Amino acid sequence: ETGVTQTPRHLVMGMTNKKSLKCEQHLGHNAMYWYKQSAKKPLELMFVYNFKEQTENNSVPSRFSPECPNSSHLFLHLHTLQPEDSALYLCASSQDRSGIDTQYFGPGTRLTVL
Amino acid sequence: AQKITQTQPGMFVQEKEAVTLDCTYDTSDQSYGLFWYKQPSSGEMIFLIYQGSYDEQNATEGRYSLNFQKARKSANLVISASQLGDSAMYFCAMRGVSTGGFKTIFGAGTRLFVKA
């Protein structure tokens, strides 16, 4: 398997549910990212992990909880979400923190909160 | 402040013709990178091409080329010989030291429609 994979591809959940999004990269990268893409808005960076350490939290509400057990895996735990959290959630990875290295994205998880 | 501007919300091009998607940027960084991504309706962001701020030659990748004009702070994407499969959203993006090392700034995107 190559590149960046995300599961599930689609998720529908109620506001009281707890679910998790999974991201896995097979590129040997050290940095991983979560982005949120809402309709008609630019991509919003949520979290950044470098060598398993969180280096960026872009003022994300606590109902989103990231976890990075190793450099290849990244999770986003969801609980008590709101309908406005419905969006495409994209995971990405890059080689290291050079600042100018290319990010490679997964296919995304399309989340609908009812 | 870092900023990426894509002024074309939508573009139409005839199949087999070339098309230019505009991108201007604003940065105070001396060293930065510019990227173009393609996002089909499936949602995946596909990396297309990269241009470093110190690269003297314009980047090319197959049918994609980046028209980099540093003084004008523009990084337009040129797609030659358009194909129906090129219909998608296209995002211009930038990374540099002052965007926090990891932050990539994305433009609002341009939706390209290729007509048969």
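Line order of the protein sequences matches chains L and S. The first sequence stops at residue 114 when you use our numbering, and every number in between is there. The second sequence stops at residue 1116 when you use our numbering, and every number in between is there. Backbone N, C-alpha and C fix where the C-beta goes; we use that ideal spot for every residue, glycine too. Since this is a predicted model, take the numbers as computed values, not measurements.
Rounded to a whole number of angstroms, what is the C-alpha to C-alpha distance between residue i and residue j?
i       : j       : result
S:S1065 : L:P69   : 38 Å
S:L1084 : S:Q1014 : 9 Å
L:V12   : S:A1071 : 47 Å
S:Q1030 : L:K19   : 43 Å
S:L1048 : S:Q1057 : 17 Å
L:P61   : L:D85   : 10 Å
S:M1094 : S:Q1069 : 14 Å
L:V113  : L:P83   : 5 Å
S:K1003 : L:D96   : 23 Å
S:E1061 : S:I1079 : 10 Å
S:M1011 : S:A1108 : 14 Å
Excluding sequence positions up to five away, which residues of its chain have a Cβ less than 6 Å from the Cβ of residue i?
i       : result
L:Y33   : V48, A92
L:H10   : R110
S:S1098 : D1029
L:G14   : L114
Based on DSSP bridge pairs, tell me the residues matched to residue i.
i       : result
L:C23   : L:Q6, L:L74
S:G1096 : S:Y1032
L:S94   : L:A31
S:N1067 : S:N1076
L:S65   : L:H77
L:E56   : L:V48
L:A87   : L:L111
Do residue i and residue j have their C-beta atoms closer together than 8 Å?
i       : j       : result
L:P66   : L:L76   : yes
S:D1022 : S:T1007 : yes
S:M1045 : S:Q1051 : no
L:L21   : L:T109  : yes
L:N58   : L:L45   : yes
L:P8    : S:S1042 : no
S:G1096 : S:Y1032 : yes
S:A1001 : S:L1034 : no
By Cβ distance, which residues of its chain are closer than 7 Å to residue i, with the 5 residues on each side in sequence left out?
i       : result
L:Q37   : L43, A87, L88, L90
L:S72   : E24, Q25
S:K1016 : A1081, S1082
S:A1088 : K1038, Q1039, P1040, L1112
Does residue i have its Cβ less than 8 Å from a Cβ in chain A?
i       : result
S:R1063 : The structure shown contains no chain A; the protein chains it does contain are L and S.
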